[in-house]
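For reference, the structure is listed below as structure tokens.
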Amino acid sequence: EIVEAPLPAMLTVVRELNRPRYPSVPMRLASQESEVKVWNNETLKLDVNAIGLKGSPTWVSRIFSPQREMGEIIGDGVHDPEGTANLLIDRLISKDLLAL
């Protein structure tokens, strides 16, 4: 089916549209023998000022590893799942991670 829409347009699909699958044995063997095409500036002939570091609109100001916070064990989900769920909801609301 071909659908046309004016831009800007938003497209959504269901997960079942393209369920990933494992390749067949012949396809796996064929992939080992095939050559990967490499597209570089020699192939594409782009302006050198529009690609690479010079053409990148992104400037990294600093790189760091965020501090990891220790997790919390909330309640006993085995013996009291409903109470644990309520405790979790309350904790998420108090940290502004959930709004009801």
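In this text, residue positions in the sequence shown follow our numbering: the first is -11, and each later residue adds one.
Heads up, the beta-carbon is just placed ideally off N, CA and C, and yes, glycines get one too.
Here the structure is a predicted model, which is why all the values come from computation and not from measurement.
* To do: Thinking Gly63 and Thr72 are a contact (beta carbons under 8 Å), I'd like their distance in whole angstroms, please.
  => As a working mapping, residue 63 is identified with position 75 in the sequence shown. As a working mapping, residue 72 is identified with position 84 in the sequence shown. Gly63 to Thr72, Cβ: 3 Å. Contact.
* **Distance, Pro45 Cα to Ala38 Cα** => One-based indexing of the sequence shown puts residue 38 at position 50. One-based indexing of the sequence shown puts residue 45 at position 57. Taking the straight line from one Cα to the other gives about 9 Å.
* **N- and C-terminal bounds of the alpha helix (DSSP H) containing Met15** => For this step, residue 15 is matched to residue 27 along the sequence shown. Looking at the DSSP string, the run of the alpha helix (DSSP H) that includes Met15 is 13 to 21.
* **N- and C-terminal bounds of the alpha helix (DSSP H) containing Thr72** => Translated into the one-based positions of the sequence shown, residue 72 becomes position 84. Counting along the chain, the alpha helix (DSSP H) containing Thr72 begins and ends at 69 to 82.
* Just confirm the distance between the C-beta atoms of Ile81 and Leu88, as a whole number of angstroms; I'd bet it's less than 8 Å. => Numbered from its first residue, the sequence shown carries residue 81 at position 93. Numbered from its first residue, the sequence shown carries residue 88 at position 100. Contact holds; Cβ gap of about 7 Å.
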